[in-house]
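Peer 1: -19 is the number of the first residue of the sequence shown in this note's numbering; add one for each residue after it.
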Amino acid sequence: MTNHNTWGQHLLLDISDCNANVCSKSAIAAFVQELVDAIDMKAYGEPVIVHFAEHDYDAVGYSLVQLIETSAITGHFSDNNRDAYLDIFSCKSFNKDTVIQVIEKHFAPKKIRAAFLSRGVNSPLEAPFQEYKGAQNAL
């Protein structure tokens, strides 16, 4: 019999048509600080937030890495199309609904597309994306 024990959770989010906060280093820092607290994680050091891809109109924006004791939060925030792409991986469980609420509070997106994976060498890797529109929707 196959062992389906999981090692952790991985949440992938495509976030579209956000407010101007996706173009602000300080707003992204405030977002990740609140997110870490809201999902009951412990930050390991300060977040790394760097502006990249200035040669590419569609990709230019801030990239984020926040190490947490149980893994990492990473993302890229596009200046020109105001989209964001966020990954949260942790071997400690977290509430997906809380993640959506913090995203909506800081970035007011028109749409969020999310996929949730249970990670582990013996876990199946099936994660269809689901779409959510508006602040009332949750995973």
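Each residue gets a CB set at the ideal place from its N, CA and C atoms; glycine is no exception.
Helix or strand or just coil, what does DSSP make of Ser6?
Peer 2: Taking the first residue of the sequence shown as position 1, residue 6 is located at position 26. Three-state result, Ser6: helix.
Peer 1: Excluding five sequence neighbours on each side, which residues of the same chain lie with their C-beta closer than 7 Å to the C-beta of Ile19?
Peer 2: Stepping through the sequence shown from its first residue, residue 19 is reached at position 39. For Ile19, where only same-chain residues beyond five positions count, the Cβ hits under 7 Å are Phe74, Asn75, Thr78 and Val79.
Peer 1: Counting pairs of Cβ atoms below 8 Å between the stretch 55 to 71 and the stretch -9 to 10, do you hit three or more?
Peer 2: yes
Peer 1: Applying the criterion that 16 or more other CB atoms from any shown protein chain within 10 Å of the CB defines a buried residue, is Ser6 buried or exposed?
Peer 2: Locating residue 6 in the sequence shown gives position 26, where the first residue counts as 1. Classification of Ser6: exposed, given that the 10 Å Cβ count is below 16.
Peer 1: State buried or exposed for Gly25, treating a residue as buried only when at least 16 other CB atoms are found within 10 Å of its CB.
Peer 2: Locating residue 25 in the sequence shown gives position 45, counting from the first residue. Its Cβ having fewer than 16 others within 10 Å, Gly25 is exposed.
Peer 1: Is DSSP giving Phe87 helix, strand or coil here?
Peer 2: The residue given as residue 87 occupies position 107 in the sequence shown. Here Phe87 sits in helix by DSSP.
Peer 1: Does DSSP put Asp67 in a helix, a strand or coil?
Peer 2: Residue 67 sits at position 87 when you count from the first residue of the sequence shown. In this structure, Asp67 counts as strand in the three-state DSSP scheme.
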